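Sequential numbering of the sequence shown, starting at 0, is according to numbering that gives the first Met the number 0.
Backbone N, C-alpha and C fix where the C-beta goes; we use that ideal spot for every residue, glycine too.
Given the structure is predicted, the values throughout are model-derived calculations rather than measurements.
These notes concern the structure reproduced below.
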Amino acid sequence: MPGKTGIKKQEQENKMKNVTLDQNLITFQIQGEMEVTQWRQITDPTIADYYEISQDGQIREIEHDRRYTLNGNHYKRHVRGHIINQHINNSGYAIVAVNNNQGKQITKTVHSLVASTWLKKPKTTQKLEVDHINGNRLDNRADNLQWLTISQNRKKRQTPANKYQGKKVIAIKNGIKTEYPSMQQAQQATGVSSTTIKGIANGIIVNSKTGFLFYFC
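What follows is the structure, encoded as structure tokens:
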């Protein structure tokens, strides 16, 4: 019988299996038994109050009546509750389009919304950033996120080269996801240098001309 560590790791892997990529569209699929999902109203003060976010990073618009003005006339439209689609930006983060308090559509990163809603922010005068603990920018579960200062985040990214030995590499391009057994094989197959692969995976290189997103797993 597996120990607690093994069970927890398997639970995390099962949760991540619920996240799939299709042409840069992120969808959540329910597998096995139904889990009770906890939701909270998004605490970002710039966002309209009819959005909620779950601990695993899903975002939904709750049922409400939306009022708007068109050509000087006032209207009201009933909106049914629904899950909002997420996409991936050029830096490899999940993003979502929501309305602000004025009804104008804006784009937000999912990890920042999860952190601001579910994680207690440390009291400090330093600027804080949201870090993905396991390095996977698409794993936006609350227990995979943490607040770090800029210096702490940079220090974490400066990892020794041998850390990547034996790690698989996931490459994404044009919505197509390919897994390689090692960084060397990913380099040979994609033509992207190991330095660039590590830079993209660690967030040091963004908007790479290669068109690839890379992650270690």
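Check	Outcome
Any chance the CB of residue 143 is under 6 Å from a heavy atom of the ligand NAD?	The ligand NAD is not among the ligands present in this structure, which contains no ligands whatsoever.
Here's a check: name, in chain order, each residue in its chain whose Cβ is nearer than 6 Å to the Cβ of residue 136, leaving out the five neighbours to either side.	91, 92
Alpha carbon to alpha carbon, how far is residue 74 from residue 35?	36 Å
Could you give the DSSP three-state label for residue 40: helix, strand or coil?	strand
From this set, 213, 123, 157, which residue's C-alpha is nearest residue 175's C-alpha?	213
Could you check what DSSP says for residue 156 in three-state terms: helix, strand or coil?	helix
Tell me which residue opens and which closes the beta strand (DSSP E) that residue 53 is part of.	50–53
Hey, residue 114 and residue 146 are a contact pair by Cβ (cut 8 Å); roughly how many whole angstroms apart?	7 Å
Taking the straight line between their C-alpha atoms, what separation do you get for residue 148 and residue 123?	9 Å
Tell me residue 131's beta-bridge partners as DSSP assigns them.	144
Only counting the same chain, and skipping five residues up and downstream in sequence, which positions put a Cβ closer than 7 Å to that of residue 129?	110, 111, 114, 144, 146
For a minimum of 4 consecutive residues, which ranges assigned as the alpha helix (DSSP H) are wholly contained in the stretch 93–122?	109–117
Determine the DSSP secondary structure at residue 126, reduced to helix, strand or coil.	coil
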